[in-house]
Structure formats: structure tokens, C-alpha cells
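Input: a single structure, listed below in C-alpha cells.
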Amino acid sequence: MAMSIVQSLQQAVSQAIENLYGEPFAADKVQIAPTSPEFTGDYTAVVFPYVKLAKKAPDVVGAEIGDFLQKNVPDVQAFNVIKGFLNIELSTAYWQNFLQNALADPGFGRQPRNGRKVMVEYSSPNTNKPLHLGHVRNCLLGWSCSQILDAAGYDVVKVQIVNDRGVAICKSMLSWLKYGEGKTPESTGIKGDHFVGDFYVLFEHKTRAEYEAWQQTDAARALFADKHKPEQSEKDFFKDYKNKWFNEYSSLGAEVRDMLLRWEAGHPDTVALWKQMNNWVYQGFEATYAKLGVAFDKLYYESDTYLLGKDIVEEGLSKGVFYRKDDGSVWVDLTDVGYDHKVVLRADGTSVYITQDLGTARMRYHDFGCESVVYVVADEQNYVFAVLFEVLRRLEEPYAQGLHHLSYGLVELPTGRMKTREGTVVDADDLVEEVIRIAREQAAERGGVEGDDREENLRKVGLGALKFFMIKVNPKRRMIFNPEESVDLQGQTGPYIQYSWVRINGLMQRVKRENVDLSPAVSYTDFQPQEKDLLKALHEFPGVVLTAAREYDPSHIANYCYGLAKSYHRFWHDLSVFNADAPEARAFRLELSRAVGKVLEAGMRLLGIEMPERM
RNA sequence: GGCUCCGUAGCUUAAUGGAUAGAGCAUCUGACUACGGAUCAGAAGGUUAGAGGUUCGAGUCCUCUCGGAGUCACCA
197 MAMSIVQSLQ QAVSQAIENL YGEPFAADKV QIAPTSPEFT GDYTAVVFPY
247 VKLAKKAPDV VGAEIGDFLQ KNVPDVQAFN VIKGFLNIEL STAYWQNFLQ
297 NALADPGFGR QPRNGRKVMV EYSSPNTNKP LHLGHVRNCL LGWSCSQILD
347 AAGYDVVKVQ IVNDRGVAIC KSMLSWLKYG EGKTPESTGI KGDHFVGDFY
397 VLFEHKTRAE YEAWQQTDAA RALFADKHKP EQSEKDFFKD YKNKWFNEYS
447 SLGAEVRDML LRWEAGHPDT VALWKQMNNW VYQGFEATYA KLGVAFDKLY
497 YESDTYLLGK DIVEEGLSKG VFYRKDDGSV WVDLTDVGYD HKVVLRADGT
547 SVYITQDLGT ARMRYHDFGC ESVVYVVADE QNYVFAVLFE VLRRLEEPYA
597 QGLHHLSYGL VELPTGRMKT REGTVVDADD LVEEVIRIAR EQAAERGGVE
647 GDDREENLRK VGLGALKFFM IKVNPKRRMI FNPEESVDLQ GQTGPYIQYS
697 WVRINGLMQR VKRENVDLSP AVSYTDFQPQ EKDLLKALHE FPGVVLTAAR
747 EYDPSHIANY CYGLAKSYHR FWHDLSVFNA DAPEARAFRL ELSRAVGKVL
797 EAGMRLLGIE MPERM
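The working numbering puts the first residue of the first sequence at 197, with every later residue one more than the last.
Pasting the structure below:
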């Protein structure tokens, strides 16, 4: 592959230092950055690191290196030095050439395949209730991260692990058996995941009613009198006691545990019911994923993986990574890296969560051979993943050096964390409908364009607003989501970017209609600042994709697209395209617009955001 | 309490150790008989929580203090 201009400049600067001052300086240590907007130039070399070995003042060093570059690098046209910053101006020919190449390359911004496989795990829902706002952020991050890694040259495998077993789904199952009267999603017209979720909520209500009734019994009163702490109110006491009550006194609790035991024993009716209810949920999930525009290559189910990992525990024992206590439980000592002792197998020989995670990791490596894995999971599990990764490294698993936890901040509401019990959960399906509704409302207010594709465009605008809102901030930042006002359509938003693309689309339609000759573009040389800004921004695109991939951070792409769209809006406002005063200028601006449109579309696609034809 | 993360304008936020900390929202003032005004320009808004330190250079790295969050089950 040809060397990029930045690499050429690094090499040339390195060469200059060696020639001028007789000291070697590694080319990849040479700092080259895009020139700040307030100065003249395209790229800037920082010369402070060389003043010591040159034994000269910074501005002298800058001038000497600049002189060398101008003489030895054909693309360098001019330079200026300000306070130790060497600003380099590239030639018009370089920029013309760059634009033509970018336009000719259908995959501009994408790297060649690097032959490496990476797995991205995201979403990973429970099957007892529908997806909510938190899953939406997770899915958007997981999807865009997958797209970005793909663009960076990796082969990406997208997976989720579905928590399809355990107490939670048993609650929905029992609830349906007791109160369902044989209803189905089909018979009620309720989407499958919501249908099952409703029975989960109903179960919680019934449990609460049972608990409140129980609190009036003599046994409960006696217990409170005996066990409560001084200062503790009856209300607080019973709040804390709920779990214990559910496990020891509740008849619903007993029935759920019984159902879980029957499931684990493979009781046919129970398993059949479990399959039925989960299938309802999966149909609902699929619809939601389709609406969000995300997909998976393979699904893993906890019912298949929850027993895995015991062989790894044995291995770890023989390797000395783990140790066994007298009661038979198995542990790992991580105190030397500042963590704790962690149990990896219970005394009764059954798995804990990490046992399963170890087994799943190995199983997936066996399935796909990915040398690295990205887990998209909220930051409340930071410690869990730090421990998991440390254990896998100690076990010397072949993929252990490539593990990454894409940790993101929880999405909260203005009232605090979402709580199922308090009914404050923002449902994913509702949210999608809501943002499309807002887009429709806004379009009507602006006297939006009608047409056959109207609904499709409104969907793209609404989702574009939502997705951009959630992805433009650094993933690790916590986010307060106010459904009332979070999805703006003006300013630093998805629709702002979509609008710049729509403008370009309008130009391209006219080019086609009028069969405009674009060939004079190459003889245009008098770049205006607004045009130069766009050229420089386009030039950055491939590097931004690589940065986003390296840091597993889609927000870089979002911020880049915003910056490019902003430059384009200014260009549009300040300069005429079709009415340019010379044919070369008109053709060049059209070509430049075409390139911007192309990059905006590609960049936003990496975020899972589509461009509407009109808006 | 131990460990981890965070603190940038009224609010939401950006900034591979580099130049005068950059945007958006909200507020105020302007801009189309011109390719679409979901746009553009301008004003105002900052001791980057605080104090030390390293460096030619610190929002960024180190130490301490203050404030906030997460997490510390043989639960899933």
C-alpha cells in the first residue's frame, strides 16, 4: 500500500533531523497533526522534541526542517513557522489527486481485510421481559462497534448470549399457568415479548399482595418483634426481609422453585411450556432488533452453556491457577493484582456465573477461532470482567490477550434508575415509535415534503435522531435520558447531518437530470477556505475509522460526521455550487459535494443511521 | 471501609501531552426574490472541582483533598 502523506512527512522530518543535526530520530515518533483552523497550513509538525538535539531555537529548527521538506517532498508547497510549530501546506495537485482517488474508491475509508477475527457480544437480554432503553444503548454500541471493526479490516462475528433460564422466566411461566387462561400473543394481539413480560409483572404483583397479607399474620408480627433492629420501622424491616420471605414462607416462591427444579430435571410439560414462552419472546425480540436495524450471526443460550466450565476448573486446579478449600469449593486468589479471592466452583460442585463464562469463552473460541472478543456490557459489571479476563489470562487461553470489555454507562431517567417495580422502564418499542412520531410532527410543522417514501424517510429521521443522540457521547459516560426533550432535531444531531446529505442528494439529482459535465473539476485550482476545510475533513476519514476501531468508540465517528456536515453547511451557505462563476468551479464543487455525501453516508452507516432521500 | 471510574460554560458535551479549551441546547441580535432556513453569521457564557508536583508545554501524567457513582454472595 502506498504511504500516506502523514507517513511521508514523518519520514521526511526524520530524514531532515538526521541530515541537519546528525542525530537519528525514529520516523514513527515524529508528531504530525492536522493544522489548527486559525493557522495557515494543512499539517503541522511539532518541533519542540528536536530543539535539544539541534541545539538551536525552536523557530530556527522549524525553518530548517521546513526548508528541507519543501526541497525533498514534492507534495509540500509552502510552510510557515510559528512558535515552534511548523505548518506545512500541501500542493493543489495533491488535493486534486486526493479528491479524485477518494471518489474513484468505492470503499474509501475502509481498510483492506487484515485476516483477523473478532467477536462482538452485545444485547444479551433476559427472556422474561421486553427490551428497554438500556438494551437500546447496548445494541447501538454493539452494532456500530461491529461495523467499525469491519471497516477497519477485521472479520467480525456478532453474537448475543440469551439468558433464557432461571427463576425469572419461571415466574412468567408460573404466572401464565395460573392466570393465563390459555391466552396467547396471537389470541390477544400482544407482541410476544410484551405478552410474556406482562405475566412477569403480574406475578410480581401477586407476590406483593401475598407478602402484604402475610405481614398481617401473627407469625410475621412475632418475627418483626424479634428480629428488627432498634430504630428500624416495620416498613423498612419488611422491605429488607422480602427475599428471605420469598424463599422461606411464600407459597408462590415455593411454586417457582418447584418449577425451576422440574425444568432442571427435564420434566416434559415444564420444558414444553418453557420453549413455548421463550419462542414468543424471541419473535418479539426479532421485531425489535429489526426496527433498530441490528442483527446477529449467532445466538448462544444460557440453557446450553450454564453447565459449562467445570472441565476448565479441573484444568486450572492442575495448573495451580485455582485452589480447593476443605469444603470442596474451588477458588482463585487474585489478591496480587489488587482483586480478591473469587469462588469458581461451589462446594456442591455446581457452577457459579464465572464458571459458565469461562466455559462459554472457550466454546466460542472453538466455534469461531476469534483471537479477540469484545463484550458490550454496562459498567456496573466492570469488576466482573476484570476478574474474568484475569482468570482467562492465567489459564493461558489463546484469545486471552485480545479480550476487551466495552463498558458503557447506564442510561438513567431524570428520576433515577429505571425500575420495573415502579413502572419507570422505558420500553424499546415505545421509544422507537415515539421518535418517529416526533419526526412526523416536526415535518408537518415545517411543511415537510410529501411523497411515496414519506413514511420511510420519517422513520430514518426519527431513528437517526435517537441513534445519534445515544452514540455521540463517549460510551463510558453515564447518560440521563429525558424522553420529553432528549431527541432534538436541530444542532448537533442526526437530522442535522442527514439534512446536509439531503442537500447534496438534491444537487446530485439535478446533475443527473441536466446531464452536467463534471470533467472540468480537475482544472480548478483556486480553492476557497470552505472548500479546503472540506478536503481536509474528507482526508481525515480513514484515520478516524481506525481510531474508533482501536478505541472501540463509535462516538469518534459521530463527532467526525457532525464536523463534516457543519463544514458542508457553511460551504453551502457561503458559496454557490450550480451558480458558480466558472465551469471548473461548478464542476469541482459538485465533485466535492459528491465526495462529502459519500463519506457522510458511509460514516453514518457505521453508526447504523440511514440517510433519507428527502426530509 | 477496600478497589475502580467520573468531576470541563446554566444544561448536554469535544479535545493521540501541544498553539487563544472547541461545539450544541437554552438566552439575545442578525442573514435568503440565489442549489431546501431541520441552515448560516454574531454576542454573551470557563480559575477544566481544589491544592501541590513532573514537563519546553498539563483538561490530559503523578500525589493529596473535596464531591458523585459503581462494585465488593458458594444470587442469577
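Cβ coordinates follow ideal geometry from the N, Cα and C atoms, glycine included.
Using only CA atoms, which one of Pro326, Gln207, Lys225 and Arg333 lies nearest to Pro750?
Arg333
Taking C-beta to C-beta, are Val517 and Gly388 nearer than 8 Å?
no
Is Val622 near Pro671, with beta carbons less than 8 Å apart?
no
Check whether the segment 480 to 496 and the segment 328 to 346 are in contact - that is, three or more C-beta pairs closer than 8 Å.
yes
Hey, would you say Gln726 sits closer than 8 Å to Leu771, going by beta carbons?
yes
Is the beta carbon of Leu659 closer than 8 Å to that of Val698?
no
Identify the continuous beta strand (DSSP E) that holds Gln273 and give its terminal residues.
Val272 to Ile278
Since Leu265 and Ile278 should fall inside the 8 Å C-beta cutoff, what is the C-beta to C-beta distance between them, to a whole number of angstroms?
Contact doesn't hold; Cβ gap of about 16 Å is too wide.
Burial state of Gly480, where buried means 16 or more other Cβ atoms lie within 10 Å
buried
I'd like to check one pair, Met473 with Val392: are the Cβ atoms closer than 8 Å?
yes
Close beta carbons around Glu592, own chain, < 6 Å, minus the five adjacent residues each side
none
Inter-residue spacing [alpha-carbon to alpha-carbon] between Ala733 and Trp291
12 Å
Just to confirm, are Ala241 and Ile228 a CB contact at a threshold of 8 Å?
yes
Can you list the beta strand (DSSP E) stretches of 3 or more residues lying completely in the segment 229 to 258, in chain order?
239 to 242
Which of the three DSSP states, helix, strand or coil, is assigned to Tyr549?
helix
Please name the residue or residues paired with Trp527 in a DSSP beta bridge.
Tyr519 and Val539
For Tyr756, does the count of other Cβ atoms within 10 angstroms reach 16, so buried, or fall short, so exposed?
buried
Measuring alpha carbon to alpha carbon, tell me which residue in Ile344, Lys379 and Leu398 is nearest Arg617.
Leu398
Reducing DSSP to helix, strand and coil, say where Asp507 ends up.
helix
Cβ-based neighbour list, Tyr595, same chain, cut-off 7 Å, excluding 5 preceding and 5 following
Tyr561, Cys566, Glu567, Ser568 and Val569
For Phe774 and Ala348, the rounded distance between their alpha carbons
36 Å
CB-CB length for Asp536 against Leu530, believed under 8 Å:
6 Å
Using a 10 Å radius around the Cβ and a threshold of 16 neighbouring Cβ atoms, would you call Ile676 buried or exposed?
exposed
Run through DSSP, which three-state label would Lys487 get?
helix
Can you look up Ile805 in the DSSP assignment and give me helix, strand or coil?
coil
Can you look up Ala574 in the DSSP assignment and give me helix, strand or coil?
strand
Proximity of Ala574 and Leu606 at Cβ, strictly below 8 Å:
yes
On the DSSP letters alone, give me the boundaries of the alpha helix (DSSP H) that Phe442 sits inside.
Glu430 to Glu444
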